[in-house]
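Trainee:
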Amino acid sequence: MKFLLLFGHASIVYSFATKKGGFGAASTAAKTKKKTIKKKETPSFATATKPAGDNVPQENALVVRRYPILDQVANSQFMGSFLIDDESIIDGMMKLFDDAVPIRGVVSTQSSAVPIVDKSVKDSFETSVLPNDPRPEWKNYLRVLKACAGLYVQDYPYSAAYGAWSLISRTNIQRYPPSGGYKTFHTERTGAGEPEGSRHLVFMTYLNDVTDQGGTEFIHQNITIQPVKGLTLIWPADWTFTHRGVPSPTQEKTIATGWFNFLP
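Read in order, the letters of the sequence shown correspond to residues -15 to -1, 1 to 249 in mature numbering (1 follows the signal peptide of the UniProt record, and there is no 0).
(1) What is the DSSP secondary structure of residue 139, counted as helix, strand or coil?
(2) Residue 192 by DSSP, collapsed to three states: which one?
(3) Between the beta-carbon of residue 241 and the beta-carbon of residue 190, is there less than 8 angstroms?
(4) Mind the definition here: the region 215 to 229 touches the region 53 to 70 only if three or more C-beta pairs lie below 8 angstroms; say whether that holds.
(5) Have a look at residue 48 and residue 130 and give me their C-alpha separation to the nearest angstrom.
(6) What does DSSP give as the partner residue(s) for residue 220 in the beta ladder?
(7) Between which two residues does the alpha helix (DSSP H) containing residue 73 stretch?
(8) Could you give the DSSP three-state label for residue 155: helix, strand or coil?
(9) Please classify residue 126: is it buried, with 16 or more other beta-carbons within 10 angstroms of its beta-carbon, or exposed?
(10) How many angstroms separate the CA atom of residue 166 from the CA atom of residue 106?
(11) Would you decide whether residue 135 is buried or exposed? Buried here means 16 or more other CB atoms lie within 10 Å of its CB.
(12) By a C-beta neighbour count over all protein chains shown, 10 Å radius and 16 as the cutoff for buried, is residue 147 buried or exposed?
(13) Which residue marks the beginning of the beta strand (DSSP E) containing residue 207, and which one marks its end?
(14) Is it right to say residue 246 is buried, meaning 16 or more other beta carbons lie within 10 angstroms of its own, or is it exposed?
See the structure below:
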């Protein structure tokens, strides 16, 4: 009798000789040859690719560094935290918002498939920037965002091993007034429709300090990240990182947030 046991990519065949009276090999049982199956190679960390062919700048070439806020949190696996030290880049993103004519943030609810303004769910003012926007404030931010993505790939090489991905959709700059926020728990991928269906990673940069609550709560990780100017988080887009914004009763919060999508 043969039993086929699967361990990852390797298949191992065990042969047992049987006869009437029990399980096991008797001395008179015919011997069977063990079949050897060559173990398949799996991608190594060293061969993991960089995201989408982007020329990710080196860590020491820019004012971007790992931020140890998550180091002591056991449940923060697959989250990355990085600090953009050059405040002029963050101020430039604030300028993009202040120069725009922001609109009210909208959400889709169970009772309405059409996005609507519902301040009990999301109370925000927003503007968007496309990946190819020519303004220098955006280009400076995009440069350091790529550096953050490069550090994330260094920490989690397999995030870039299974398909090319890049920034292909809008980045939202959102301002939450006092007592505002995206107040309900949500995730960044809720179905197969595009562009949600191809979302791979989420990024979010805090554009100002908030000291009176106002953090981002990740329910399964049981952590709340307090906004620090220039702090950039990157995490996977799925339900495992369900999160919400904690309103600040007294302070505004402004963020830049968007997604890295798998390429077609």
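Just so you know, even glycine gets a beta-carbon here, dropped at the ideal spot from N, CA and C.
Mentor: Concretely, from the data shown:
(1) Residue 139: helix per DSSP, three-state reduction.
(2) coil
(3) yes
(4) With the cut-off at 8 angstroms, the region 215 to 229 and the region 53 to 70 touch.
(5) 11 angstroms
(6) 187
(7) 72 to 84
(8) coil
(9) buried
(10) Looking at the two C-alpha atoms, the distance is approximately 8 angstroms.
(11) By the 10 Å Cβ count, residue 135 comes out buried.
(12) exposed
(13) From DSSP, residue 207 is part of no beta strand (DSSP E); its letter is neither H nor E.
(14) buried
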